[in-house]
Amino acid sequence: MPRVNVADRAARQHVFPRGNLLDRGCGSCTPRRLGPAVAFVSVLGFFWGEALPATAQPNPKPPSPADASAPSPPKKAEQADAEPKQADEGDDEGDADTDASPDKSAADDDDDDDDDDDDFPQAKKQRSVEELDEDLRIVGSGKEPPEPHPQDQAPGSVPESPPLERIKTLEFGPLVGVSLWSGDSDRLSYSPALAWGGYLKTQLWSFLSARVAYQNSTHTVDGKPLIDGVEGGSYDDVSSFSLRFTLEPTWRSGDLRAFGVLGVGWGKLRVEHINGDDGFHLSASKAGVFIEYPLGIGLNYDLLDGWMTLGALYTFSLHSKVTGNIYEDSRGVTQDGQRVTLGGLPRLEYSQLIALSAAAVF
301 MPRVNVADRA
311 ARQHVFPRGN
321 LLDRGCGSCT
331 PRRLGPAVAF
341 VSVLGFFWGE
351 ALPATAQPNP
361 KPPSPADASA
371 PSPPKKAEQA
381 DAEPKQADEG
391 DDEGDADTDA
401 SPDKSAADDD
411 DDDDDDDDDF
421 PQAKKQRSVE
431 ELDEDLRIVG
441 SGKEPPEPHP
451 QDQAPGSVPE
461 SPPLERIKTL
471 EFGPLVGVSL
481 WSGDSDRLSY
491 SPALAWGGYL
501 KTQLWSFLSA
511 RVAYQNSTHT
521 VDGKPLIDGV
531 EGGSYDDVSS
541 FSLRFTLEPT
551 WRSGDLRAFG
561 VLGVGWGKLR
571 VEHINGDDGF
581 HLSASKAGVF
591 IEYPLGIGLN
601 YDLLDGWMTL
611 GALYTFSLHS
621 KVTGNIYEDS
631 RGVTQDGQRV
641 TLGGLPRLEY
651 SQLIALSAAA
661 VF
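Using our numbering, you'd call the opening residue of the sequence shown number 301 and step up by one each time.
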């Protein structure tokens, strides 16, 4: 098909016949005078035809997140459907489209590339991130990441676990010492005696411990009992035991510990017989009880890396609730059957304990 210039056709359409101009009274409007106007219109039509776009394309609507994964239909199919409709238009317009078709095809290709990028924004973003990070590229490909090697790790990157510390809160061991009793009688008294026992001690806080102790002692009575008001005969040895619970505020300096003692205890004493001058048992056994309130101080020294401790203890105990028939006068029978009155033992007022201990620490 021959190529037709749109500017020339527009110029021809603006040429008026002379007869018409003369009929209208424009005798001065001759073809010579219309020449410059026709040339100007031709040039203007040429630039106007070149400036018009080939085909206006609407801007594509950005895809929603739900439709991002599905590809959009190709744009060339829509253009192919539109081409038959445009072919039915005038020959002149078809020729103009044919002249602009190379530029239009290149522009359409560029638009398709831009639309493909817009249709898959997430894939483009993911590709750019994976290109920057090698680990993400491995994860996206479905391959297993390589296992780290010990030589790849920097030395000392893993902190060492602190050593296990042994909790030393329990002491268990024996104690041996001397027990001193004091009674309310000037005529009779109790002699010092060997005291023995054991204790269990636990640490409640770093500054406070608790102790449970057992103590046993056997005392001799200095003096003679009263038999019908007359001194005579003798007492068997008086045995006793006591249980104590004490709290011990503690001060530590290295392996040395100093502590105080504050607590309460309960005890019992017993005498088997009161004997006459001839050795006859004038009475059966007697017993009594008491409550004591020990106060004192002590020291401990740890040995063998804290597995053993040596200690020294001093307590002074006040007594109360001293009751029992051992402190009271009682009736007895002599060997020939006579009834006599027997005097009681002195009531305890206070006692003292000086003891040493050796204990294992757990």
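The beta-carbon is built from N, C-alpha and C at its ideal position, and this holds for glycine as well. The structure presented is a predicted model; accordingly, all values stated were derived computationally and were not measured.
Between which two residues does the beta strand (DSSP E) carrying residue i extend?
i, result
"Gly631", "According to the sequence shown, residue 631 is Arg rather than Gly. Unbroken beta strand (DSSP E) run through Arg631: 630-633."
"Tyr650", "648-661"
"Leu642", "639-642"
Under the DSSP definition of a beta bridge, which residues are partnered with residue i?
i, result
"Gly568", "With the sequence shown as reference, residue 568 is identified as Lys, and Gly is not the correct amino acid for it. Phe541, Val589."
"Lys501", "Glu471, Arg511"
"Val478", "Leu494, Ile654"
"Gly563", "Thr546"
"Ser620", "Ile591"
"Leu526", "Glu531"
"Leu610", "Tyr601, Ala658"
"Ile574", "Tyr535"
"Asn516", "Trp496, Phe541"
"Gly596", "Val561, Thr615"
"Leu556", "Ser553, Tyr601"
"Gly506", "It should be noted that the sequence gives Ser, not Gly, for residue 506. Its beta-bridge partners do not exist; DSSP assigns none."
"Gly483", "Leu648"
"Ser583", "Ser583 is not bridged to any residue."
Out of the options, state which residue places its alpha-carbon closest to the alpha-carbon of residue i.
i, options, result
"Leu642", "Ser620, Val633, Glu649", "Val633"
"Ile527", "Arg552, Trp496, Ile654, Ser630", "Ser630"
"Ser583", "Asn575, Val589, Ala510", "Asn575"
"Gly529", "Phe340, Val640, Leu645", "Val640"
"Val476", "Leu618, Glu628, Ser517", "Ser517"
"Ser620", "Gly565, Ser657, His581, Gly644", "Gly565"
"Pro594", "Leu494, Glu548, Ala660, Pro646", "Glu548"
"Gly598", "Arg552, Gly637, Ser585, Glu592", "Arg552"
"Ser585", "Leu603, Gly497, Ser539", "Ser539"
"Tyr535", "Ser489, Leu494, Ala510, Arg544", "Ser489"
"Asp537", "Thr546, Gly554, His519", "His519"
"Glu245", "Trp496, Ser509, Phe590", "Summary: the structure shown does not reach residue 245, with the chain confined to residues 301 through 662, and so no result is reported for it."
"Phe580", "Gln635, Tyr601, Thr469", "Gln635"
"Gly473", "Ser491, Leu494, Tyr514", "Tyr514"
"Leu711", "Ile591, Ala655, Gly596", "Within the shown structure, residues of the chain are numbered from 301 to 662, placing residue 711 beyond reach of any answer."
"Arg267", "Phe507, Gly644, Ala587, Trp496", "Residue 267 falls outside the range modelled here, since the chain spans only 301 to 662, and no answer is possible."
"Leu656", "Thr615, Trp505, Arg647, Val589", "Thr615"
"Leu494", "Thr469, Phe541, Tyr627, Arg647", "Phe541"
"Leu554", "Asp602, Arg511, Ala660, Trp607", "Looking at the sequence itself, residue 554 is Gly, so the reference to Leu does not match. For the residues Asp602, Arg511, Ala660, Trp607, the minimum Cα distance to Gly554 belongs to Asp602."
"Thr623", "Ser506, Arg647, Phe545, Ala658", "Arg647"
"Asp578", "Gly596, Asn600, Thr546, Gly532", "Gly532"
"Glu628", "Val589, Val661, Gly596, Trp505", "Val589"
"Ser491", "Val478, Tyr499, Thr502", "Val478"
"Asn625", "Gly637, Phe340, Leu500, Ala587", "Ala587"
"Trp505", "Thr469, Gly497, Arg511, Gly498", "Thr469"
"Phe507", "Val661, Gly596, Ala659, Thr550", "Thr550"
"Gly596", "Phe545, Gly606, Gln638", "Phe545"
> Three or more beta-carbon pairs under 8 Å between the segment 568-577 and the segment 597-617, yes or no?
Replying inline: They do not touch, by the three-pair rule.
> Are three or more beta carbon pairs between the segment 646-658 and the segment 474-485 nearer than 8 Å?
Replying inline: Touching, yes.
>> Measuring CB atoms only, is the segment 519-526 touching the segment 550-561, in the sense that at least three cross pairs come out at less than 8 Å?
In response: Touching, no, given that fewer than three Cβ pairs across the two stretches are closer than 8 Å.
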